Amino acid sequence: CIDQANTHERRVQVQQVGRIYSQSELTIIATTSSGPEYGLPRVGARLRRSQPHLKFGDLHFLGLNLVPSLSLKGGTKWATRGWTLQEAVWARR
1 CIDQANTHER RVQVQQVGRI YSQSELTIIA TTSSGPEYGL PRVGARLRRS QPHLKFGDLH
61 FLGLNLVPSL SLKGGTKWAT RGWTLQEAVW ARR
């Protein structure tokens with residue numbers, strides 16, 4: 001996270017964002033959180049909902065929650081931040 005209160009540090013970090021994301025192997029974007037203290041879903045002590053599943057005889061089917069596309073993230077706190085476009089464009093995965 002970039003310290004928003006430190007103007008000089010913020011300027012230096014923002015100038016490097018494109019390079020940082022374009023060279024990353026994996027970028028984790030926490031779109032469901034309300035702030036940096038929230039953490040990542042399913043990581044930590046918070047309870048989670050069970051994965052939807054169906055059983056037909058000996059066959060078991062699990063439901064998958066696929067990551068929504070960038071256009072579907074419009075209603076999230078993540079989408080309100082200025083640098084998120086750089087994350088979306090430069091991050092390879």
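Heads up: the sequence shown is residues 1 to 93, going by the UniProt record's numbering. Here a beta-carbon is modelled for each residue, glycine too, at the ideal position from N, C-alpha and C. Quick caveat: nothing in here was measured; it's all calculated off a predicted structure.
Compare the Cα-Cα distances from residue i to each of the options and report the closest residue.
i, options, result
"Ile29", "Thr80, Leu40, His60", "Leu40"
"Thr80", "Gly57, Thr31, Leu62, Asp58", "Thr31"
Which residue or residues does DSSP assign as beta-bridge partners of residue i?
i, result
"Leu26", "DSSP lists no partner for Leu26."
"His53", "Leu62"
Taking the beta carbon of residue i as the centre, do at least 16 other beta carbons fall within 10 Å, making it buried, or is it exposed?
i, result
"Pro68", "Note on Pro68: pLDDT 48, under 50, position unreliable in the model; no value is reported."
Since residue i and residue j should fall inside the 8 Å C-beta cutoff, what is the C-beta to C-beta distance between them, to a whole number of angstroms?
i, j, result
"Gln16", "Arg10", "With a Cβ gap of about 11 Å, Gln16 and Arg10 do not count as contacting."
"Tyr38", "Glu87", "Rounded, the Cβ-Cβ distance is 17 Å, inconsistent with contact."
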